[in-house]
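S.K.: In this note's numbering, the protein residues as written are 311 to 422.
Before I ask anything, here is the structure I am working with.
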């Protein structure tokens, strides 16, 4: 049985190398956690697609079930779930986020 919400999520994840499911938009984040991840990605120069979960309740709830992860934001790189705000912050501070992005062929313009 297919889940139409999961299919929509997979379409975004498969069509874009880096996708951030977030509250608000990259230009106008509407929660501190989403803003922090946007700031990290922008700081290291990684282009990404932001998906505003506040505009679509099905996506907002569906993304939590899709990744089996209860919180938003959620970052996906090359179709793979990376983590939420705390994990992204820890990876960034350790240089692991930049390394992982480079390994997956995503251009990174700044190291830290």
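Beta carbons: idealized from backbone N, C-alpha and C, even for Gly.
Treat the numbers as computed from the prediction; the structure is a model and nothing was measured.
1. Of all the alpha helix (DSSP H) runs that stay within the bounds of the segment 367-398, which reach a length of 4 or more residues?
2. On the DSSP letters alone, give me the boundaries of the alpha helix (DSSP H) that residue 348 sits inside.
3. Grab me the residues of residue 339's own chain with a C-beta within less than 6 Å of its C-beta, minus the 5 sequence neighbours each way, in chain order.
4. Under the three-state reduction of DSSP, which class applies to residue 363: helix, strand or coil?
5. Suppose contacts are defined by Cβ-Cβ distances below 7 Å. Is residue 403 in contact with residue 354 by that definition?
6. Looking only at C-alpha atoms, which of 415, 350, 312 and 337 sits nearest to residue 361?
7. Identify whether residue 315 lies in helix, strand or coil by the three-state DSSP scheme.
8. DSSP puts residue 334 in a beta bridge; with which residues?
9. Residues in its own chain within less than 7 Å of residue 420 by CB, not counting five upstream and five downstream?
10. What residues are listed by DSSP as bridge partners for residue 328?
11. Which term fits residue 367, buried or exposed, when burial requires 16 or more other beta carbons within 10 angstroms of its beta carbon?
M.R.: Reading from the atomic positions:
1. The segment 367-398 contains, as complete alpha helix (DSSP H) runs of 4+ residues, the segments 367-377 (chain order).
2. Residue 348 -> alpha helix (DSSP H) spans 342-353.
3. Closer than 6 Å at the Cβ level, and outside the excluded window around residue 339, lie 345 and 348.
4. Residue state, collapsed to three classes: helix.
5. Residue 403 is not a Cβ neighbour of residue 354, given a cutoff of 7 Å.
6. Per the Cα distances, 337.
7. It is helical.
8. For residue 334, the beta-bridge partners assigned by DSSP are 339.
9. Its chain contains 353, 354 and 355 as the residues whose beta carbon lies nearer than 7 Å to that of residue 420, once the 5 sequence neighbours on both sides are disregarded; these appear in chain order.
10. In the DSSP assignment, the residues bridged to residue 328 are 387.
11. Exposed is the call here.
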